[in-house]
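Student: Let me give you the structure first, and then I'll get to my questions.
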Amino acid sequence: MIYKPPQQKLLRWIALFLVGTFLQLLFYIPTPVLSQNSNSCSNITAPLTPEEQTYARGAWQYFVKNYQPTTGFTNSTGGYPSGTLWDMGNYLMALNAARWLNLTDQADFDSRLNKFLTTLNSLKLFEDTLPNKVYNAATAQMVDYGNNPLERGIGWSALDVGRILAAFDVIRTCHPQYNDWLKGIVAKWQVARSLKDGQLFGATVLPDNKTLLVQEGRLGYEEYGARGYQLWGFSAPKAISLEPFKLVEINGVQIPVDTRDFKSTNANNYVVSESYILDGIEFGLQGELADFAGRVLDVQKRRFDTTGQLTAVTEDNIDQPPYFLYNTVYANGANWATITDANQPYPQFRSISTKAAFGWRYLFPDNAYAQKVFDAVKDLRSPDDGGYYAGIYEESKQPNKALTGNTNGLILEILYYKAKGNHPLIASGSANVSTGKPSENASPATASNQPNSTVTTPTANQPNSTVTTPTATPADTSKIMEVAVAPIPPVDSPQPSSNLKLDRPLTVIERRYAEAAWGYFQANYHSKSGLIDDRSDFKGATLWGLGDYLAALHAARSLDIITPKEFDQRTRHLLAALTKLSLFGRELPGRGYDTRSLQPVDYGGNPVPEGNGWSALDLGRMLAALYNLKTCHPEYTAAVDKIVLDWSYLRVVREGILSSATTAKEQDGRSLTRVNPETRLGYEEYAARAFQLWGFNVEHSAVGGEYQTASVEGVKVPIQRRRTDTNSKNQYTVSNPFLLYALEFGLDPQMRSLFEPIFQAQAERYRRTDILTASATTLIDRKPYTVHSTITGKGEPWVALADDGQTVPKGRLVSTAVAFAYHALLPENKYSQELLQGTTDLYNPLAGFYEGFYEATGKTAIGFTSSTNSMILQSLLYKGMNQQPLIRPTTTMNSPWWVAVSKGNSGRGLPNTATQRTRLISDSSGSYWVSGSENTPLITGTKVTE
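The numbering used here applies: residue 191 is where the sequence shown begins, and numbers increase by one.
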């Protein structure tokens, strides 16, 4: 008799092995080169302070005391020899941090890691596929969560696999001698079995002993786990896509929540801090995840503001039954729920999490609330040197004395992140992390959200049509040498505050908006150079953007958002930086500068050592801001005048017209400069008014004369000025420049005749279609990256155009800045009220206001710019000033500028007479600046024709 079962069993296992191998190959994507080199791991650019070294030593002691020498593993909780793959990932991250923070030497590191990997490589796998969900840390046996040995195991967790894969990447990067060993371990595991339909799937054992694959991960952890898979070439596109989610308002903040809740899926959709903290310190917060993280921190601050209860919630072990809880912002329909994995509530055990407080403190080092909650737990170590406790119970105020590898491992990771200068620990392009080079999935180094961005792409009708589009291939950022600029010396008689006196203080809500808008200028400040990036995804600035910054500085000080000391320090730093900018042709500041090196760059971020021209519009923006600085903060007058007296205006003001310079390459390689009149509707008029403040005669560029119109929604909307000095045509009409003009200079009769139909057409479109309309030039997070949502463009109404004049289907945005400005200017208008209600929550409290939302989908447009946040601050200041123009008249004409003008013969194109060409007047319609002076007749008359 032939006995066949063993042979059949063998064949079955061979078949399973072959199927697993096939699946592995099916889902496998070749892994790119290692994310960084080991030298970068040891590059400690921000050494720990003595106090922080104490934190690190305290956290490392947990792993010293809970080490299992037989296996090389560590206990997941103090004295309890159990551990999941997630806990093992925590330990590897802690071990790496300890090595580079010099808490252990190389010999001890190698000894520990060798033992760990030897045991890990020999682990019995669940169904010979993947590691079991949990092992006995002392014996390496498969166990259940009660640490009871089980021959078969209880399944695997895909999220835990993702966690350890991320840790593996850090180890192979920082210690490349272990790369082959780690690759062998991953190859042994059938990772592809945990992927299905682009999602992560865990395995669990049913009561009938069958294995069931279960989708794992909800918003936050799902994306984090999928990133770990990506590092090793395994794709889970649905898991990393953020969808499906909705926004739920909690304490006034719109919080992103996974729509797959406990009732519908038997899995919790909790919102906690840890997933966002891990993403931030390991991969770097970007895009919507950065926004979500900011919201999750802000809502915890709001709870504190409302209740006085410090809040830092995430999942934690506790030192009493039920031993593990999820302290959440939201879970399964309930705000601030504290639940078990089975969704049982335990609100009495909600706690302030030590690891969450550490995470928020170092991810957002300038956030006052993060510092406050951190101060409550930073010394919460056990007296026997066993590590950090998990937290503090809210109700009893007593320590939650649970000691865990999760808490202490994350603290070590966070401190290592700080020591590396807040650089993410993982920088691999395979995990969708920006490498500084533009790609299909990252915003490129394109022109900022300014009017001059249109010159980067020529059209046949533009005077600068000789300009070629720069390729967005910025130089290797690792080679950028940051320039340290010393602020100008302290001014002679610093004022304690702005000379402006507000007619009313901000409301609580308005102050929140102002603080959020100022957050952009905190997040994008270069402390060495003193400059601000025009947009958050590009290390570059135009003179227009720096004018935005100066206007925002003034608004923030006037609104008491920043202290006099911070205003003075930032202002002196910016003024010093302006003196260091190289001048194109030794005449005027160029079109763009790298905010780190101060070197001239084109709109693609590419170095252009000789420069690429100047923009009269950008100069106008800066001149307006500098004028107001002198008026409202006269202590800076001498420093301001020194800057503008260094410039030559011979070619920017010609025969009463503003002109800009561009460069073009000839076929023979020569670079030629061309100077042509400015024609961009609204922007030209704004810049001209600014030049008039300084005495320049620019009557032909100032508002006035005859304008051609087009009928839009039955309204005659201006499309361009009728002129004979150039054949150039305006390409589109948007709201931005008219709003900036109205806020700073008021609405004179000529400008009002242009402003009102532009607003009326947008209101009429909303009335007809129910589509909120706030047309502007804005940034978007995909090609073409800058979009002009026009009122009319290239002869068509309501078309979205790229810089090259091409239509952008479904690209129209509702601009946040435009909504704020219209409401400030027209607070009683029902349509402006509708606009404001639709956009006020479009902000990240730590990064500023978003550009807006898409008309077609209602989705937020991810992107932050200085222009948007500056205009919001100026709009709020305009409200506080009882709708008076933000530009205030000077009270003295004996400053260095006017002295130099009165001397004449400067050789640099200064005005002919020491008189302003514009003045502030008031009548029944309000206050506004008009062309002319006390001694010259006004230039009047604006005619619009079809």
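Beta carbons are placed, not taken as given, at the ideal position from N, Cα and C, and that holds for glycine.
None of these values were measured; they are calculated from a predicted model.
Check whether the Cβ atoms of Thr401 and Ser347 lie closer than 8 Å to each other.
Tutor: Along the sequence shown, one-based indexing puts residue 401 at 211. Along the sequence shown, one-based indexing puts residue 347 at 157. Their beta carbons are not under 8 Å apart, which means Thr401 does not touch Ser347 by this criterion.
Student: Can you give me the C-alpha to C-alpha distance between Leu404 and Leu385, rounded to a whole angstrom?
Tutor: Position 214 of the sequence shown, counting from 1, holds the residue named residue 404. Position 195 of the sequence shown, counting from 1, holds the residue named residue 385. It is worth fixing the name first, because residue 404 is Val in this sequence and not Leu. Computed Cα separation, rounded: 10 Å.
Student: On a CA-only basis, which of Arg540, Arg879, Thr544, Leu600 is nearest Glu584? Give me that one, please.
Tutor: Residue numbering aside, residue 584 sits at position 394 when the sequence shown is read from its first letter. Closest by alpha carbon: Arg540.
Student: Note down the Cα distance separating Trp422 from Glu1045, rounded to an integer number of angstroms.
Tutor: The count along the sequence shown starts at 1 and reaches residue 422 at position 232. The count along the sequence shown starts at 1 and reaches residue 1045 at position 855. Rounded to whole angstroms, Trp422 and Glu1045 show a C-alpha spacing of 38 Å.
Student: Mind checking which residues open and close the alpha helix (DSSP H) that includes Gly248?
Tutor: Here residue 248 refers to the residue found at position 58 of the sequence shown. Unbroken alpha helix (DSSP H) run through Gly248: 240-255.
Student: With Ala851 as the anchor, note down where its beta strand (DSSP E) starts and where it stops.
Tutor: In the sequence shown, the residue the question calls residue 851 occupies position 661. Residues 847-855.
Student: Have a look at Arg492, Glu472, Pro680, Val567 and flag the residue whose alpha-carbon is nearest the alpha-carbon of Gly611.
Tutor: Position 421 of the sequence shown, counted from the first residue, corresponds to residue 611. Of Arg492, Glu472, Pro680, Val567, the residue nearest in Cα terms is Glu472.
Student: When you compare each of Val333, Asn292, Trp276 to Pro237 by their alpha carbons, which one comes out closest?
Tutor: Sequence index remark: in the sequence shown, residue 237 carries index 47 (1-based). The closest CA to that of Pro237, considering only Val333, Asn292, Trp276, is found on Asn292.
Student: Looking at C-beta atoms only, is the number of pairs between the region 1015-1034 and the region 818-836 that lie closer than 8 Å three or more?
Tutor: no
Student: Does Met671 pass the burial test, meaning 16 or more other C-beta atoms within 10 Å, or should it be called exposed?
Tutor: For the purposes of this step, residue 671 is taken as residue 481 along the sequence shown, with counting starting at 1. Classification of Met671: exposed, given that the 10 Å Cβ count is below 16.
Student: Which residue's Cα is closest to the Cα of Arg571: Asp556, Asn322, Ala580?
Tutor: For the purposes of this step, residue 571 is taken as residue 381 along the sequence shown, with counting starting at 1. Arg571 has its Cα closest to that of Ala580, out of Asp556, Asn322, Ala580.
Student: Does the beta-carbon of Gly336 have 16 or more other beta-carbons within 10 angstroms, so that it is buried, or is it exposed?
Tutor: Against the sequence shown, residue 336 aligns to sequence position 146. When all chains shown are included, Gly336 counts as exposed.
Student: Should the region 559-578 be called in touch with the region 534-548, which here means at least 3 C-beta pairs below 8 Å?
Tutor: yes
Student: Taking 6 Å as the limit between beta carbons, can you name the residues of its chain near Ala650, skipping five residues before and five after?
Tutor: Against the sequence shown, residue 650 aligns to sequence position 460. Confidence in Ala650 is poor, its pLDDT being 28 and thus under 50, which makes the residue's placement unreliable; the coordinate value appears in the next sentence. Counting only Cβ-Cβ distances below 6 Å, and skipping sequence neighbours, we find nothing.
Student: Take Val381 and list the residues in its own chain whose beta-carbon comes closer than 6 Å to its own, dropping the five residues that flank it on each side.
Tutor: Residue numbering aside, residue 381 sits at position 191 when the sequence shown is read from its first letter. Result list for Val381: Phe424, in chain order.
Student: Assign Leu396 to buried or exposed, taking buried as 16 or more other Cβ atoms, counted over all protein chains shown, within 10 Å of its Cβ.
Tutor: What you label residue 396 is simply residue 206 of the sequence shown in a count that begins at 1. Answer is exposed; the Cβ neighbour count stays below 16.
Student: Measure the Cβ-Cβ separation of Asp506 and Ser543 and say whether it is below 8 Å.
Tutor: Here residue 506 is taken as the residue at index 316 of the sequence shown, counted from 1. Here residue 543 is taken as the residue at index 353 of the sequence shown, counted from 1. The answer is yes: Cβ separation under 8 Å.
Student: Alpha helix (DSSP H) containing Pro1086: first to last residue?
Tutor: By one-based count along the sequence shown, residue 1086 stands at place 896. Element bounds for Pro1086: 1086-1093.
Student: Helix, strand or coil: how does DSSP classify Gln420 here?
Tutor: Here the question's residue 420 lines up with position 230 in the sequence shown. Reduced to three states, the DSSP call for Gln420 is helix.
Student: Pick helix, strand or coil for Met1061, following the three-state DSSP scheme.
Tutor: Here residue 1061 corresponds to residue number 871 of the sequence shown, with the count starting at 1. Residue state, collapsed to three classes: helix.
Student: Looking only at DSSP bridge pairs, what is Arg725 linked to?
Tutor: One-based indexing of the sequence shown puts residue 725 at position 535. According to DSSP, which records beta bridges pairwise, Arg725 is partnered with Phe728, Thr1055.
Student: Use the C-beta contact count for Asn338: other C-beta atoms within 10 angstroms, 16 or more gives buried, fewer gives exposed.
Tutor: The count along the sequence shown starts at 1 and reaches residue 338 at position 148. Counting every other CB atom within 10 Å of its CB across the protein chains shown gives Asn338 a total below 16, marking it as exposed.
Student: Would you mind giving the Cβ-Cβ distance between Asn1059 and Ala707, rounded to the nearest angstrom? I have them listed as a contact below 8 Å.
Tutor: Indexing the sequence shown from 1 puts residue 1059 at position 869. Indexing the sequence shown from 1 puts residue 707 at position 517. Taking C-beta atoms under 8 Å as the contact rule, Asn1059 and Ala707 qualify, at a distance of about 4 Å.
Student: Enumerate, from N- to C-terminal direction, the unbroken alpha helix (DSSP H) stretches of 4 or more residues contained entirely within the region 290-359.
Tutor: 296-312
Student: Can you tell me whether Trp371 is helix, strand or coil according to DSSP?
Tutor: Position 181 of the sequence shown, counting from 1, holds the residue named residue 371. Looking at Trp371 - three-state DSSP - the assignment turns out to be helix.
Student: Measuring only the C-alpha atoms, how far is Leu500 from Phe564?
Tutor: Walking along the sequence shown from the start, residue 500 turns up at place 310. Walking along the sequence shown from the start, residue 564 turns up at place 374. Using only the alpha carbons, I get a separation of about 10 Å.
Student: What does the Cβ neighbour count give for Phe436, buried or exposed, with the cut at 16 atoms within 10 Å?
Tutor: Counting from one through the sequence shown, the residue named residue 436 turns up at place 246. Phe is not the amino acid found at residue 436; the sequence shown has Lys there. Classification for Lys436: exposed.
Student: What residues match up with Lys436 in a beta bridge as DSSP calls it?
Tutor: Translated into positions along the sequence shown, residue 436 becomes position 246. Answer by DSSP bridge pairing, in chain order: Val447.
Student: Measure the alpha-carbon distance for Ser1117 versus Phe881 and round it to whole angstroms.
Tutor: Counting from 1 along the sequence shown, the entry for residue 1117 is found at position 927. Counting from 1 along the sequence shown, the entry for residue 881 is found at position 691. Approximately 19 Å, taken between the alpha carbons.
Student: So, with DSSP's three-state summary, where would you put Leu819?
Tutor: Counting from 1 along the sequence shown, the entry for residue 819 is found at position 629. It is helical.
Student: For a test of the three-state rule: what should DSSP assign to Trp734, helix, strand or coil?
Tutor: If you number the sequence shown from 1, residue 734 lands on position 544. Residue state, collapsed to three classes: helix.
Student: Please report the distance separating the alpha-carbon of Ser925 from that of Asn280.
Tutor: Here residue 925 refers to the residue found at position 735 of the sequence shown. Here residue 280 refers to the residue found at position 90 of the sequence shown. Taking the straight line joining both Cα atoms gives about 52 Å.
Student: What span of residues does the alpha helix (DSSP H) with Ser1022 cover, start to end?
Tutor: Numbered from its first residue, the sequence shown carries residue 1022 at position 832. That run of the alpha helix (DSSP H) goes 1020-1029.
Student: Please name the residue in Thr518, Arg957, Leu929, Glu603 whose C-alpha comes closest to that of Gln1073.
Tutor: Position 883 of the sequence shown, counting from 1, holds the residue named residue 1073. Among Thr518, Arg957, Leu929, Glu603, the Cα nearest to that of Gln1073 is on Leu929.
Student: Hey, would you say Asp448 sits closer than 8 Å to Pro427, going by beta carbons?
Tutor: Stepping through the sequence shown from its first residue, residue 448 is reached at position 258. Stepping through the sequence shown from its first residue, residue 427 is reached at position 237. Their beta carbons are not under 8 Å apart, which means Asp448 does not touch Pro427 by this criterion.
Student: So, with DSSP's three-state summary, where would you put Asn622?
Tutor: Sequence index remark: in the sequence shown, residue 622 carries index 432 (1-based). With a pLDDT of only 36 at Asn622, under the threshold of 50, the placement of this residue in the model should not be trusted, and no figure is reported.
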